[in-house]
Amino acid sequence: MKDSKLYQMLVFFIIWLVVGLLLGLAFKEQTRIRTAELPSARLPELARAYVQEKRSNAALEEEIRQLRQKINELENAFASGTKQAQVLSQSLQEAKMIAGLLDVEGPGIELILQDSKRKPQGDSPELLPELYTIHDYDLLRVVNELRQAGAEAISINGQRIVATTGIRCTGPVVFINDVKMASPFTVLAIGDPKTLKGALEMPGGALADLKSVDPKMVQLRVLDKVRIPAYSGSTQFRYAQPAPPQEVKQ
Amino acid sequence: MIAVGLIGLLLGVIIASIALDIPLPEEWAAYLSLAALAGLDTAFGGWRASLEGRFHPDVFISGFIVNALLAALLAYLGDRIGVDLFLAAVVTLGGRMFLNLSLIRRYYLNQFALRRQRG
């Protein structure tokens, strides 16, 4: 029985059957994993949702702009009333100026920072490709330097830098006020042009490192008139609220 | 004999893809694939052995089980100790499959040539 042709055939059949089962299971399992990990079928869906979100975002921003305008109009109407209201309105304008909620213009500088078109050559560790691109810390140093030099208003690619502004690299892009942007970065600042320029060009200062890598990454101009847009993001405070006055212990 | 094997293979794949629905953990998927590869290798070996008239069911069955288990075990061990040991199984099994297949091909070509001479 053991060496009979039929027995051999049976064994052969069973083994191939098991192999088929294993292959089929493995195939099914791999397919399941692939569809679970890479939702390629869902990509068009995601793209559509993304476009929709973007559109509604633009619409909401337009709404913010319109509402701001309305507030301005109402304030003006209110101010033209009593003397007291005029004083109030004036201090309100000042506060808005400080907060960066008004378009402003004045003398200042324009600084364009862009990724270098050159590629690092050689294997020296000093020639890291990171050195050839503009990063969040470059922008942070520039903003910090400008503020120190008395800049009264600063914007990067049209985004006003205010007290709550964050500047942060996320992959290849930089988020400023939660708006994505990439090189080139146009930094506008209003202040004493000479002081601003001098502060930025200080030896070992904010721009020195970039210039030493590739002078073309930095373009600095003094302008008689710079126009800087108002902050257009949300001004809602969700956590902080005015605190009652506190007695100071001496 | 071969026809029997192929029918078995086809039947197995069909059963697995239609009837069997075993929810396996994802970490097992790689081991399962490897076990399937080892099984395929043994099956090819059996095919070759049967052509050469040296087919022993005991060798065949034990080879199938041990190879499949060893391949899966090797992959598991490799995962644990951070060495891609499953590559060893893939290379060995893949190489042997090619070897067996070439011998099978040669056998049939010889057979064909013989028949033409006689005919």
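Listed in order, the protein sequences are those of chains B and Z.
Just so we're aligned, residue 67 is where the first sequence starts under this note's numbering, counting upward by one.
Just so we're aligned, residue 8 is where the second sequence starts under this note's numbering, counting upward by one.
In this text, a Cβ means the ideal position worked out from N, Cα and C, and glycines have one as well.
For the region 81–94 of chain B, the set of residues with a beta-carbon nearer than 9 Å to any beta-carbon of chain Z comprises Ile81, Trp82, Leu83, Val84, Val85, Gly86, Leu87, Leu88, Leu89, Gly90, Leu91, Ala92, Phe93, Lys94, in chain order. By the neighbour-count criterion, in which a residue is buried when 16 or more other Cβ atoms sit within 10 angstroms of its Cβ, B/Asp275 is exposed. Of the residues Z/Gly52, Z/Val11, Z/Glu34, the one whose Cα lies closest to the Cα of Z/Asn107 is Z/Gly52.
The DSSP assignment places complete alpha helix (DSSP H) segments of no fewer than 4 residues inside the region 9–69 of chain Z at 9–25, 35–58, in order along the chain.
Beyond the five residues adjoining it in sequence on each side, Z/Gly85 comes within less than 7 Å, by CB distance, of Asp91, Leu92, Phe93 in the same chain, given in chain order.
Annotated three-state conformation of B/Phe251 is strand, per DSSP. Judged by DSSP in its simplified three-state form, B/Pro295 adopts coil rather than helix or strand. Of the residues B/Gly166, B/Gly86, B/Ser157, the one whose Cα lies closest to the Cα of B/Pro295 is B/Gly166. Listed in chain order, the positions of the region 8–34 of chain Z with a beta carbon within less than 8 Å of a beta carbon of chain B are Met8, Val11, Gly12, Leu13, Ile14, Gly15, Leu16, Leu17, Leu18, Gly19, Val20, Ile21, Ile22, Ala23, Ser24, Leu27, Ile29, Leu31, Glu33. By the criterion of a C-beta distance shorter than 6 Å, Z/Met8 is surrounded in its chain by Ser57, once the five residues flanking it on both sides are discounted. Per DSSP, the unbroken alpha helix (DSSP H) holding B/Pro259 starts and ends at 259–266.
For Z/Thr49 against Z/Gly70, the beta-carbon gap comes to about 5 Å, under 8 Å, which counts as contact.
Each of B/Tyr297, B/Met75, B/Ile175, B/Met283 was checked against the Cα of B/Ala215, and the nearest Cα belongs to B/Ile175. For B/Met75, the residues of chain Z that pass the 8 Å Cβ criterion are Met8, Val11, in the order they occur in the chain. B/Phe78 belongs to the set of residues whose beta carbon lies under 8 Å from a beta carbon in chain Z. In the DSSP annotation of this structure, the continuous segment of the alpha helix (DSSP H) that includes B/Ala165 starts and ends at 149–165.
Residues of chain B with a Cβ closer than 8 Å to the Cβ of Z/Ile68 are, in chain order, Val77, Ile81. Membership of Z/Ile111 in the alpha helix (DSSP H) is indicated by the continuous run 93–125. Under DSSP, B/Leu177 forms a beta bridge with B/Val253, B/Leu286. Under the 8 Å criterion on CB atoms, Z/Thr49 is classed as interfacial with respect to chain B.
At a cut-off of 8 Å between C-beta atoms, Z/Leu39 counts as an interface residue with respect to chain B.
At a Cβ-Cβ threshold of 8 Å, B/Leu88 and Z/Ala42 count as neighbours. In this structure, the beta-carbon distance from Z/Ala95 to Z/Leu44 does not fall below 8 Å. If you look at B/Val209, you'll find it in the alpha helix (DSSP H) that goes 202–214. In the DSSP assignment, B/Ala274 falls within the unbroken alpha helix (DSSP H) covering 274–279.
A residue is called buried when at least 16 other Cβ atoms come within 10 angstroms of its Cβ; Z/Arg123 does not meet this threshold and is exposed.
Around the beta carbon of B/Ala248, fewer than 16 other beta carbons lie within 10 angstroms, which makes this residue exposed. For Z/Gly60, not one C-beta of chain B is nearer than 8 Å to its own C-beta. B/Thr236 sits exposed, since fewer than 16 C-beta atoms from the chains shown fall within 10 Å of its C-beta. By the Cβ criterion, the region 290–307 of chain B is in contact with the region 155–174 of chain B, since at least three pairs of Cβ atoms, one from each stretch, lie closer than 8 Å.
Boundaries around B/Ile220 are those of the beta strand (DSSP E), 219–222, since no alpha helix (DSSP H) includes it. With a threshold of 8 Å between beta carbons, Z/Gly53 makes contact with chain B. Shown here, B/Val239 sits in a strand according to DSSP, grouped into three states. Non-local beta-carbon contacts of B/Gly224 in its own chain, meaning distances under 7 Å to residues more than five positions away in sequence, involve Pro295 in chain order. If you draw a straight line from the Cα of B/Ile220 to the Cα of B/Ile200, it is about 18 Å long.
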